[in-house]
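Undergrad: For reference, the structure I am asking about is given below.
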Amino acid sequence: MNNLESNNYLNSVELKRETASFDRYPFSLPVISSLTALEFHPKVTFFIGENGSGKSTLLEAVAVVCGFNPEGGSRNFSFSSCETHSELYKSIKPVRGVAHPHDGYFLRAESFYNVATNIDELDKQEGGPPIIGAYGGQSLHQKSHGEAFFALFMNRFKGNGLYLLDEPEAALSPTRQLAFISRLHELTAMHSQFIIATHSPLIMAYPDAIIYEFGETGIRRVQFEQTEQFEVYKSFFNDYKRFFYEIMNH
Ligand SMILES: Nc1ncnc2c1ncn2[C@@H]1O[C@H](COP(=O)(O)OP(=O)(O)OP(=O)(O)O)[C@@H](O)[C@H]1O
Ligand SMILES: [Mg+2]
950 MNNLESNNYL NSVELKRETA SFDRYPFSLP VISSLTALEF HPKVTFFIGE NGSGKSTLLE
1010 AVAVVCGFNP EGGSRNFSFS SCETHSELYK SIKPVRGVAH PHDGYFLRAE SFYNVATNID
1070 ELDKQEGGPP IIGAYGGQSL HQKSHGEAFF ALFMNRFKGN GLYLLDEPEA ALSPTRQLAF
1130 ISRLHELTAM HSQFIIATHS PLIMAYPDAI IYEFGETGIR RVQFEQTEQF EVYKSFFNDY
1190 KRFFYEIMNH
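Going from the sequence shown to the working numbering is simple: count from 1 and add 949.
Encoded structure:
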């Protein structure tokens, strides 16, 4: 059996090109206008690439067609503070695997505050065990940015899940990013599938993964050592004084 077709919740997505208007956003983005289908790794798929290349746009559309709230959160949450999601999801067809996820989360870095507020508000209402219990028991508003993210990964993600994460490194120190990778590894061993947009070289180095680089000519699959992140950080740490000298005397 092809490894990419086994045991994952989302095998691929396809762009229904006949429904797309390529002269306007988001279809005009090179990564979308050149897209026919994108296969996902059964464990981890990374979206990497330049700012504005379309990683969040595609991740959000995948999240919406998978039933997540476009503002982030689990599939139980339904709230809307400001609808900013693009029309792309209407033209995306998910190709699902045979198994169904029992858990899931869509983490949008910039809207995590809304998710934290929503949990607090739901817990003020009567009935059911407090949701915050699944996040470590303390309001996520009473934690630092990084602590709140960390509580989410460690307590809320249960395994057998589909997790879509947009820049999970945003609030994490390098040490916490390594702890995140360790938890990611545990969760993939517990039949979880991740799609992660990231700029972090630490996170994208996770070996059991596909890396898709988003760029001006579309989406291409790359190895970690071929990434811009690998090259830039490597030359920086090899000789950071020279690196700065060259930048400042450019
Ligand atoms: N509502 C919109 N209308 C028009 N253009 C938009 C809209 N939303 C986003 N864009 C543009 O689409 C492009 C892709 O944005 P997106 O957020 O997907 O990039 P990204 O790859 O996630 O970048 P980053 O690494 O900075 O998070 C950007 O150039 C952005 O300005
Ligand atoms: Mg983004």
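The beta-carbon is built from N, C-alpha and C at its ideal position, and this holds for glycine as well.
(1) In terms of alpha-carbon separation, which member of Phe996, Leu1136, Ser1131 and Thr968 lies closest to His1148?
(2) Return yes when the Cβ of Leu1111 is within less than 8 Å of the Cβ of Gly1053, no when it is not.
(3) What are the boundary residues of the alpha helix (DSSP H) that includes Asn1187?
(4) In the DSSP output, what is Ala986 paired with across the bridge?
(5) If you drop the 5 nearest sequence neighbours on each side, which residues of the same chain put their C-beta closer than 6 Å to that of Leu992?
(6) Can you tell me where the beta strand (DSSP E) holding Leu1101 begins and where it ends?
(7) According to DSSP, is Leu1037 part of a helix, a strand, or is it coil?
(8) Could you check how far apart the C-beta atoms of Ile1159 and His990 are, in whole angstroms? I think they sit under 8 Å.
(9) May I ask you to check if the CB of Ser1035 is nearer than 7 Å to at least one heavy atom of ligand 2?
(10) Is the closest heavy atom of ligand 2 to the C-beta of Ala1146 under 7 Å?
(11) In the DSSP assignment, find the alpha helix (DSSP H) that holds Arg1125 and state where it starts and stops.
(12) What would DSSP say about Gly1095, mapped onto helix, strand or coil?
(13) For Glu1036, tell me which candidate among Leu964, Phe1143 and Phe1185 has the shortest Cα-Cα distance.
(14) Using three-state DSSP, classify Cys1031 as helix, strand or coil.
(15) CB-CB under 7 Å to Phe1179, same chain, minus the five flanking residues each way: which ones, in chain order?
(16) With a threshold of 7 Å (Cβ to nearest heavy atom), would Asp1157 be considered close to ligand 2?
(17) Going by DSSP, which residues form a beta bridge with Leu1111?
(18) Which residues share a DSSP beta bridge with Glu1116?
(19) Shorter than 7 Å, the distance from the beta carbon of Ser1149 to the closest heavy atom of ligand 2, or not?
(20) Across which residues does DSSP place Ile1160 in a beta bridge pair?
(21) Quick one: measure Cβ to Cβ for Thr994 and Pro975, integer angstroms, because I've assumed they're closer than 8 Å.
(22) Please classify Gly1086 as buried or exposed, where buried requires at least 16 neighbouring CB atoms within 10 angstroms.
(23) Between the alpha carbons of Thr1066 and Lys1004, how many angstroms are there, rounded?
TA: To lay it out plainly:
(1) Measuring from the Cα of His1148, the nearest candidate turns out to be Phe996.
(2) Closer than 8 Å, so yes.
(3) Here the alpha helix (DSSP H) through Asn1187 covers Glu1177 to Asn1187.
(4) Per DSSP, Glu963.
(5) Checking the sequence shown, residue 992 turns out to be Lys, not Leu. So the list reads Thr1137 and Asp1157, once near-sequence residues are dropped.
(6) First-last for Leu1101: undefined, no H or E at that position.
(7) Residue state, collapsed to three classes: helix.
(8) Yes, Ile1159 and His990 are in contact; Cβ-Cβ is about 4 Å, under 8 Å.
(9) Result no, Cβ not under 7 Å from ligand 2.
(10) Yes, since a heavy atom of ligand 2 falls inside the 7 Å radius drawn around the Cβ of Ala1146.
(11) Pro1123 to Ala1138 is the extent of the alpha helix (DSSP H) around Arg1125.
(12) Three-state DSSP puts Gly1095 in a helix.
(13) Its Cα nearest to that of Glu1036, the residue Leu964 stands out among Leu964, Phe1143 and Phe1185.
(14) No answer about Cys1031 holds up, because its pLDDT of 48 lies below 50 and its placement is not dependable.
(15) Closer than 7 Å at the Cβ level, and outside the excluded window around Phe1179, lie Pro1150 and Phe1173.
(16) Result no, Cβ not under 7 Å from ligand 2.
(17) DSSP output for Leu1111 lists Gly1053 and Gln1142 as bridge partner(s).
(18) Here Glu1116 is not bridged, per DSSP, to any residue.
(19) Checking the Cβ of Ser1149 against ligand 2 gives no.
(20) Ile1160 is bridged to Phe995 and Val1171.
(21) With 8 Å as the limit, Thr994 and Pro975 do not qualify as a contact, their Cβ atoms being about 19 Å apart.
(22) That one is exposed.
(23) Taken atom to atom, the span from the alpha-carbon of Thr1066 to that of Lys1004 is near 26 Å.
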